[in-house]
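At position 75 of the sequence shown (counting the first as 1) the number is 80 in my numbering, and the numbers step up by one without a gap.
Okay, structure first, notes after.
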Amino acid sequence: MEKNSMNTSVRVLEHAVRLVTRAASKSTSATQPGRSIGELGNYVKRLRRLAEEGKKEEFFKVFRNAQMKLITVVCEMHS
C-alpha cells in the first residue's frame with residue numbers, strides 16, 4: 006500500500022508539472038521559470054526511482070522539496 010501511495014503522489018506531481026509547464030509556455034510574463042520547471046522534471050524522475058526502491062523516508066523528504074519548488078514556480082509566474 007505504501008508503494009502505491011508513493012506512485013500516486015508521483016503521478017499527481019507529474020500532472021501538476023505538466024499544467025505549470027503549459028501555463029508557463031503561454032505566459033506573457035517577462036520572467037520565464039524555465040530552469041525551475043526543468044528542476045521539477047528532475048524531481049519527478051528522482052521520486053519515481055525512490056518509489057521503485059521503496060525508500061519511503063527519503064521519498065517524502067524529496068516530495069516535500071518538490072512541492073515547495075512547484076509553489077515557487079507558480080509564484081514566479083504570477084509576479
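All C-beta atoms in this analysis are idealised placements derived from N, C-alpha and C, irrespective of residue type, glycine included.
Only a predicted model underlies this, so the values are computations on that prediction, with no experimental measurement involved.
| query | result |
| --- | --- |
| Rounded to a whole number of angstroms, what is the C-alpha to C-alpha distance between F68 and C80? | 18 angstroms |
| What residues in its chain sit with their C-beta under 8 angstroms from that of E63, if we drop five residues either side in the sequence? | L55 |
| Three-state secondary structure (DSSP) at G46? | helix |
| Output needed for S14: all residues of its chain with C-beta closer than 7 angstroms, excluding positions within five of it in sequence on either side, in chain order. | F68 |
| Does M6 pass the burial test, meaning 16 or more other C-beta atoms within 10 Å, or should it be called exposed? | Note that M6 has pLDDT 49, beneath the 50 cutoff, so the model's placement of it is unreliable and the number below is only indicative. Flag for M6 reads exposed. |
| Need the endpoints of the alpha helix (DSSP H) that K74 sits in, please. | 61-82 |
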